[in-house]
Structures are given as C-alpha cells and as structure tokens.
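Trainee: Quick one: structure below, then a few questions.
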Amino acid sequence: MVADPGTGLRFAVLGPIRAWRDGEALATGSPQQKALLAALLLRGGRTATASELVDAIWGEEPPQQALAALRTYASRLRKVLGAQTLVSESGGYAIRTGPAARVDADEAARLAADAEKSAHSGDRRRARALYAGALDHWDGEPLAHVPGPYAATERTRLEEWRLTLLEHRLDLDLETGCHTEAVSELTALTAAHPLRERLRELLMLALYRSGRQAEALAVYADTRRLLSDELGVEPRAELAELQQRILRADESLTAPATEPAAPAFVRPHQLPATVPDFTGRAAFVQELGAQLGSAEGRVMAVSAVAGIGGVGKTTLAIHLAHAAREHFPDGQLYVDLQGASPTPADPEAVLGAFLRALGTTDSAIPEGVEERAALFRSTLAGRRVLALLDNARDAAQIRPLLPGTEGSAALITSRTRMIDLAGAHLVDLDVMSPEEAMTLFTRIVGAERVESERDAALDVVAACGFLPLAIRIAASRLAARRTWTVSVLARKLGDERRRLDELQAGDLAVKATFELGYGQLDPEQARAFRLLGLADGPDISLAAAAALVDRDADTAEELLESLVDISLLESAAPGRYRYHDLVRLYARDCAERDAPAGEGEPALARLLDFYLATATSVYRIGRPDERLVDFLERTRCDGLDFPDRSTAIDWLFAEAPGILACARQTGTGGTLRRATDLLVVTRDLAESGSHVRQYELAALLLNGQAEKQRDAWAAGRCHMVLAALHIHSGQFDTATEQALAATELGQAADDPLTVSYGLNLSGISANYQGHSDLARSYLRPALTVFQSYGNTTSAASAMCNLARAELSAGNTDTAVKLAQDAVAIYQRSTGSMRLANGHYTLGLALADAGRLGGAREEFAGALTIFQEFRQRLWVGMTHYRLAEVSFRLGEAPAAAGQAEQALAVLRGIGGAWRRANVLTLLGRSLECIGQHGRAAACWREALATYEAEGSAEADEVRRLLASVAA
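According to this note's numbering, the stretch in the sequence shown is residues -5 to 960, in order.
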C-alpha cells in the first residue's frame, strides 16, 4: 500500500543527501540520483522541467542519453518514496511533501524566521535558542558528494546561509552575556574564514568583554594587515569604529547593548508570597511605604526593620515589598541572609545569585565580593529595583548588597538595630497590640469559633506574648483540629510548665513561641526535633536524617513530616529538610536542656558514619578495585547503595555542603579519624573544582585537631589531602612539603596508605617542577608500597607518574611501556575513573614519541571519562593536551579552539601556572593563523604569570615575544 504524500518522511540536504520513513533510512541511490533528489527537494515542492533537471545534474555537457537516465533515476526514487510523493507533472517532476514530511532546510528556515521575529520583539534568549536550533540541522558539508553545477551552487548558498545564521547566533551570544564561551568558537571561525570581517568584529567584542582588551586590539591589527596583504583594502568602517571604542574604553561595550523593548537583564520577581491574612501594623506600613515610594529620584532608599525573632519582620517586609512593586518596575530581589545561624550567608555568594537572577551568565560573574558588588551596581544603573535583604546579621554583611543607584531601594530585616548603616531609615518593630493579635488569630481560626470563646482567645494570644509567629502557629494548629475548642488550646498554653517563661526579652521570646509546638510533641518527635538541630549542614536528606535519629527511613519520614506539619521543620524539597535558623538554635537549646546525657555525640557520630559509608560506596563505584577503601575506619552503620555511577555522583555533589559541614563538626575526639577519612573518600569534590575552599577549610581544621591530639595517623591523612589540593592549585612547593609530611607521619603511624600516597604525591609535585630524578626517587618507593598491600590500581597511578618522570628524563620508550602497562591494569578494573589517568599519561608518552594520532585517541578517551566524573580540572587539562597535538599536526585553528576550551574550563581552578601554559600554546596557534597581535597579547599575560612565580618557562615566552617584535 502506497503511503499518503509525505507520511512519515524526512529528508536531509544540509549534509549528505538522506531520507527516512518512520525512522528507517531509505536508499537514495547513485550520486546522480542523489543530485536529482536534491534538485527537487530544494525547489520547495515546485515542478522542475526535465531540461532544468538535466542542466542541474550534468550542466552544459550532458550525456547522450541524459533524458533516459533522468527517467530511470526518477523511477527508482519513486519506488523508494512512493508514487504520490515523487510525481510526474507537465513534462517534469516534483516532490510533494505533506505535514508529516520534513526537509531539514525548510525546518532550519522556519526556525531562523522565528528567531528573527523573537529578536525584533526583544526576546534575545529565545532568538538565540532558535538560531541554535536552526544551525543544529547542519551535518557537515551541505549536499556532500552530490555532483553537478546545481549542487555546487546550492552548496555555496547553503554554506553562506549557515555562516550568516552563525553570525546572528554569536551576536546574540554576546548580547546575552555569553562572551567568554564565544571566544573559542570565534577563534576557530576566524581561522577558517579569515576575510570575513563580521566574525572578526564579534571576536574583538567577545575578547574585550572577557577582560582581554590587548587581544581584542590585536585582532584588529591582524585583520588590517591581512586585508591589506590579501585584498589591498582597509577594514570596514564598523570594525575600525569598534577598535576606536575599545581604545576609548567605551562603557557601552562592557555589557550587552540595551533596547527600549528588551532590557539587557532579566526582571527578577523573587518576592515570596505574602500571607493572605496580613493584619495590623498600619503605622509601620504607612511609614515604610512612604520611604519605599520615595525611592525614585533619590540616590537610594534604605529601610532597616529590627526586632526580636518571631515579631513578624519578614512578614511585614514581604507585605510592604509587594505593595511597593509598582515603584520598582525593573524587578524585586529577595534573599534570606541567615544572620542568626553559625554560618550566615556569604555576601559574595549572594551577589552571585543576584547577578544570575538579573541575567548575568556564570562566566561573566567575577570572583571576589568587591568585584561582584561593583558589577551588581553597574547592572542596576538606571534601573529601579527593590532588594529585600531578609534576616541580616549586621551592617557589614549588608553593605556590599546595596544597589546604590538612584531609583532603587533596599528593605532589610534583622534582629539587631543597624545604627552603623549610614543613611538607613531605622524602624524598631514591637509585638502586636492586643487588638491586632486578636484580629490575626480570628482570621486564621474563624470568627465563629473565636466569638463564642472570646475570653479564651484573649488568653491564647496573651500566652503567645502577642508575637505574630507564636499566634500564627497556635491558630493554625487550632484551625487544623476541628475537635478542639479555643478553651482547650488556652488551657494548654496556660500551663507554664509546658512553655518557657522567657517571653519578655530578646530571643527568649522566640523560644517561647517555638515552645508552643515543641511542648506538644510526643517523646519520639521531640527527640527527632532535638537531634536534627545538631547537624551543621544547610539542609539534610531523609536518609541522612534517618541515620542521625537512628530510625528506619519510613519511621524517620513520618517523624520529619509531623514536624513539618507544625511548622517546626521545613520541607526544602521532596526528601530534603531544613530548619529556619532560629528554630535550629532553639532545637539545640532543647537538646542541652532536655536530652538525656550522651544523646548528642552518638547522633553526630551516626551521621558521620552514614556519610562515610555512603561516600565510600560512591568512591568504590568510581574506583572498583582500589584498596584505599580497605584502610578506612570502620563505620557503625551502613550507607546507601546506588543503582549506577551517575546516581552515585549526583548524590556526592548534592550532599557536599552537608558532608563537609559534618567533617568539620565531628573532627574531634573519637570521631577525628572517621572525619578525616570522609575527606579522603570525597576528594573528587576538590578535584572537580567544586567546593574547593570548603574542602580545604575542613582539611585545615581537622589537621589542627590531629596535631592537637597528637594523632599521627589522622594528621598524615590530612597532610595527604592538603598536598593533593595544593597540586591542583599549582602550589607545588607547598604541595611537596605537605606530601613529605604525610609520608613521615604515615611511617610513624604505620599507615601504608598514607605512606604510599604521600610518596606518590611527592613524585607528582616533583614532576610538575621538572625534577625527574627526584620524582623517580619518590615514585619507585611509592610503587613498591602500593604493590606491598595489593593496591594495583594505585600502583598503576604511580606507574603513570613514573612514565611522566621518564618523559622528562628523555626516556620515551620506557615511558610508553609504563603507561601502556598502567592502562592495561586500569582496563581490568571495570568502570574505574582512573582509566582516564592512564589514557591521559599514555597520550603524553605517545605524543613525545611522535605518534600523534595515537596520542589524540588516548586524550579523547580520557576526556570522555573525566567529563563523566565531573573532573573539571582534568577536563580542562585534556583540552590543553588535545590542543598540543593539533598544533603539532599543523592544525592551528583546531589547536586554538581546544586551547580556548581549556581556558574556559580552567577558569578559577588549576592555578595561574596552568593558565599561563595554555595561553602560551594559544599564542602559538594564533600566530600560525596570522593573528600576530592577539598571539603577543596571550604571551604577555603568560609571561607576567611566569615571572611572578619564578617559572623557567618565562625564557621561552620572552623569545616568542622577541620574534614578534622582530
């Protein structure tokens, strides 16, 4: 049965000519038959005459039997596509496609048209995505291997169209803040199309916005020289004007251009929902509303609301912010600064979140609180934005977060009165009046129940101290229990033995409010409430909480959900829980007051054991045959099992803040060694580039405790993880000191694990410093120790490092053999992440031996594994090695692209020395493709780093710069 026209058909012309029906590939025949199909598809359903098709396939010299051959090709295609799809008409042919049949060129044209409409309407992000979708339809050279003059003409047209779409998309990349990511692609494109000035213009702008002004100017110089040499012309006016604007440091270049219909940043609307039963506070609403309403035309309006916990600061501030939204049309920002917690929110992290909410890409967000604060103020310049800074610790935390521009405002809540916040309008929020308290209670419970027991209701709000949070908790519980009367609740609250007599001062009033819920918990709930408050992490998963309270998962979930129901605990997400910061403090007070002796430390030990056991499982999945896990301290509870590697890695990175907080919190006494081992098995958190600072702080704290307790075993392992950290950051002298200390302490503690890893790390550091003999003096004993306790995969690691030492010593054949043996060991260990290290080292050795094709294959294999395990440092370094191989193969454009990718990935990790190495190679690649000025800019930056660090590579870079000057 012949299918309906076009049913289930899909055609591709933006690459090799192909056709599919319902997902199955169809035979499209000989090259000439493909030429006929292409000519028909690109006519959009219009009929082509026989003579037109003969000219399209053979041009001016067709064969004698051209018409017969044409009919044969058409007949064959009709059998494949269906008689109702390829039709004969008016002495010619046409392809009729219905709604279910698609041609990739038509799809790309539709997406491009939609992208253009979105761009004109100001929706740049959607336009960018649509252009990218259109470009995704290309699959290599259009009409690849299709003969004939028509195909040749169309190939040129389609390629020009692709480049035009690409320029549109790259333009939008820059407009949406993706300039850093665009540099690599533009570098490769300008190498492939050196005379295309629009690409050069975009590259200059991307470099300038990435803070690489010298390179941007060098691109112009390179372009001008190339155009003069090749065409005898000057750069077009737009390019010359951009150069002048860069020289003037034109402020309009520093951020994406804005249009009236399309702001350069997203309008955030982050305010939490206001409560529908907001009550009273009329005087404060009027006073603060007037302050916020007057922000327009003033430098900035800052209002700071202070008061005891539970007094309703946040509720009032959110209500005010919603009411004032019309005065701040460019958006409203919100953050809980966690000022009452032991670890208040870091202003640098808050600024990062704000900038992302305003549309700034991660790559455009600088490091450092001062730099981020400056960018935040610049982003808000000329805008009217309200920032609600909730639960602040002090004025020092607030100052970097203030908009500081005319028309914007900040509304702050805090438990402390911010008398040192210059220019702030200070408001002290007191408890509710009895009338306001009764109104709030009535709105939640219902007028009918309250009016029938008015005296009892007055007793309830009085027992709550007229604190809004306490009244809301009491009223909500009563509303949820239809069998209770108001008098029942009043009697419960009237018993002072069931609530703290601390309602009159400071935080004690908050405790009294929370006592309303805590005092009515059954013993099992109360125990869970106390224990959950002990953990320092920002939140906790159900599985971790179950370990902490020492209950199975179902029982723990029931307990936690019951606490959520009475507002003593928050459900941050399915299966995750957190305390409000004040509730956490209250829970800890309850633990000190009510918990049986010895309840707290065992609970934290169980949490540590859970994290250690589960992290060990993750480590074992990534390194299945490594013996390290056999030398860890034994845990007293089981951890989680994972169905696959991806799930395990997801768990590790999701739990990282809690894991590192637990390690810091339990690093004393009898749990010190387990806390140290927790860092040992979660080293991927540091190697990935994530959580590096938190990981280092935990390691330093535990090391201090180990030295204090004179525990050589724990101290050795702390020095071991610190040595690895310093290697990753390029601080090799410090790394060597730490590694040698680890070895010495491991020997004193009779800990072969620390001894072997300490020696191995010493060898790695010596390799990086070019001391091959010294490296071998460490690595050979490391190999022996690894082999002595059967740690074959770690022995393979030492072999890889020995291979690098042999390379440095000029013994290439020995290095290749060592690396091949290491890879063979890793390959016997199914699924080992370490296999990537083997491929990487073998790639280095093969490259040194001149076997560049094999080296490229090894690096490509390493890159795939590093990406799977989220090892950002090594992903970046592997891009660098691939760039080296491409450069040596004479593929300078590809080398420049890989080097740019390495720079992008290594941003913020790996240390300045590694970045300088990449810049040096990038400069070499750019020099080869004629971008001499930009190459020199790269070398100057690399030289500054090498000179600052006293690196020997500085001499080579000086020679490179001298060659350019000559």
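Cβ coordinates follow ideal geometry from the N, Cα and C atoms, glycine included.
Are there 16 or more other CB atoms within 10 angstroms of the CB of residue 487, so buried, or fewer, so exposed?
Mentor: Buried is the call here.
Trainee: Check whether the stretch 606 to 622 touches the stretch 782 to 800, counting contact only when three or more Cβ pairs, one atom from each stretch, lie closer than 8 Å.
Mentor: Cβ pair count under 8 Å is three or more, so yes.
Trainee: Let's test the definition: count the other Cβ atoms within 10 Å of the Cβ of residue 235 and tell me whether it reaches 16, buried, or not, exposed.
Mentor: Its Cβ having fewer than 16 others within 10 Å, residue 235 is exposed.
Trainee: For residue 805, which of helix, strand or coil comes out of DSSP?
Mentor: The answer is coil: DSSP assigns residue 805 none of H, G, I, E or B.
Trainee: Can you tell which of 943, 187, 722 and 670 has its C-alpha closest to the C-alpha of residue 961?
Mentor: Examination of residue 961 is not possible in this model, given that the chain is present from -5 through 960 alone.
Trainee: With a threshold of 8 Å, are at least 3 pairs of Cβ atoms found where one atom belongs to the stretch 315 to 327 and the other to the stretch 129 to 147?
Mentor: With a cut-off of 8 Å, the stretch 129 to 147 and the stretch 315 to 327 do not count as touching, because too few Cβ pairs lie within range.
Trainee: Cα separation between residue 722 and residue 681?
Mentor: The alpha-carbon atoms of residue 722 and residue 681 are separated by roughly 7 Å.
Trainee: In terms of residues, what are the limits of the alpha helix (DSSP H) holding residue 191?
Mentor: 191 to 203 is the span of the alpha helix (DSSP H), which, as asked, contains residue 191.
Trainee: Whole angstroms is fine: what's the gap from residue 391's alpha carbon to residue 685's?
Mentor: C-alpha separation (whole angstroms): 22 Å.
Trainee: Going by C-alpha to C-alpha distance, which of 608, 689 and 599 sits closest to residue 666?
Mentor: Here the closest residue by C-alpha is 599.
Trainee: Compute the Euclidean distance between the alpha carbons of residue 860 and residue 866, then round it to the nearest angstrom.
Mentor: Cα to Cα, the separation comes out at about 7 Å.
Trainee: Would you kindly work out how many angstroms separate the C-alpha atoms of residue 958 and residue 242, rounded to a whole number?
Mentor: If you take the alpha carbons of residue 958 and residue 242, they lie about 25 Å apart.
Trainee: Comparing C-alpha positions only, which one of 41, 104 and 564 sits nearest to residue 159?
Mentor: If we check each option's Cα against that of residue 159, 104 comes out closest.
Trainee: Ignore the nearest five residues each way along the sequence and tell me which others in residue 308's own chain have a CB closer than 6 Å to its CB.
Mentor: For residue 308, where only same-chain residues beyond five positions count, the Cβ hits under 6 Å are 384 and 407.
Trainee: Quick one: give me the first and last residue of the alpha helix (DSSP H) that residue 213 is part of.
Mentor: Where residue 213 is concerned, the enclosing alpha helix (DSSP H) stretches over 207 to 224.
Trainee: Using C-beta distances below 8 Å, list every residue in its chain close to residue 563, excluding the 5 sequence neighbours before and after it, in chain order.
Mentor: Taken in chain order, the residues that qualify are 523, 526, 554, 557, 571, 572, 573 and 577.
Trainee: Which runs of the beta strand (DSSP E), 3 residues or longer, sit entirely within the stretch 407 to 479?
Mentor: Entirely contained in the stretch 407 to 479, the beta strand (DSSP E) runs reaching 3 residues are, in chain order, 419 to 422.
Trainee: Rounded to the nearest angstrom, how far is the Cβ of residue 854 from that of residue 834, given a contact under 8 Å?
Mentor: Actually they are not in contact, since the Cβ atoms of residue 854 and residue 834 sit about 11 Å apart, beyond 8 Å.
Trainee: Alpha carbon to alpha carbon, how far is residue 950 from residue 380?
Mentor: Looking at the two C-alpha atoms, the distance is approximately 53 Å.
Trainee: If you draw a straight line from the alpha carbon of residue 762 to that of residue 727, how long is it in whole angstroms?
Mentor: Approximately 10 Å between the Cα atoms of the pair.
Trainee: So what does DSSP say about residue 396, is it helix, strand or coil?
Mentor: Coil.
Trainee: Closest to residue 514 by C-alpha separation, out of 482, 805 and 917, would be which residue?
Mentor: Looking at the Cα atoms, 482 is the closest of the given residues.
Trainee: Where do the ends of the alpha helix (DSSP H) carrying residue 621 lie?
Mentor: First-last for residue 621: undefined, no H or E at that position.
Trainee: Look at the alpha carbon of residue 791 and the alpha carbon of residue 832, and state the distance between them as a whole number of angstroms.
Mentor: Going from the Cα of residue 791 to the Cα of residue 832 covers about 8 Å.
Trainee: Please determine, among 278, 227, 203 and 210, the residue with the shortest C-alpha to C-alpha distance to residue 246.
Mentor: The shortest Cα separation from residue 246 among 278, 227, 203 and 210 belongs to 203.
Trainee: Going by DSSP, which residues form a beta bridge with residue 594?
Mentor: According to DSSP, which records beta bridges pairwise, residue 594 is partnered with nothing at all.
Trainee: Going by DSSP, which residues form a beta bridge with residue 531?
Mentor: For residue 531, which the question treats as bridged, DSSP gives no partner whatsoever.
Trainee: Report buried or exposed for residue 720, applying the criterion of at least 16 other Cβ atoms within 10 angstroms of its Cβ.
Mentor: Buried: at least 16 other Cβ atoms inside 10 Å.
Trainee: Return the bridge partner residues of residue 10 from the DSSP annotation.
Mentor: DSSP output for residue 10 lists 138 as bridge partner(s).
Trainee: On the CB-based measure, 16 or more other CB atoms within 10 Å of its CB, does residue 13 come out buried or exposed?
Mentor: It counts as buried.
Trainee: Going straight from the alpha carbon of residue 490 to that of residue 594, what length do you get?
Mentor: With a pLDDT of 41 at residue 490, under the threshold of 50, the modelled position of that residue is not reliable, and the figure given next carries that caveat. Rounded to the nearest angstrom, the two C-alpha atoms are 27 Å apart.
Trainee: Using the DSSP secondary-structure output, state which residues sit across from residue 18 in a beta bridge.
Mentor: BP columns for residue 18 point to 15.
Trainee: Is residue 169 helix, strand or coil by DSSP?
Mentor: Residue state, collapsed to three classes: helix.
Trainee: Given this structure, state the Cα-to-Cα distance separating residue 480 from residue 376, to the nearest angstrom.
Mentor: Computed Cα separation, rounded: 54 Å.
Trainee: Using the three-state DSSP reduction, which class does residue 491 fall into: helix, strand or coil?
Mentor: Any reading at residue 491 is ruled out, since the residue's pLDDT is 44, under 50, leaving its predicted position unreliable.
Trainee: Pairs of beta-carbons, one from the stretch 419 to 428 and one from the stretch 341 to 352, closer than 8 Å: are there three or more?
Mentor: The stretch 419 to 428 is not in contact with the stretch 341 to 352.
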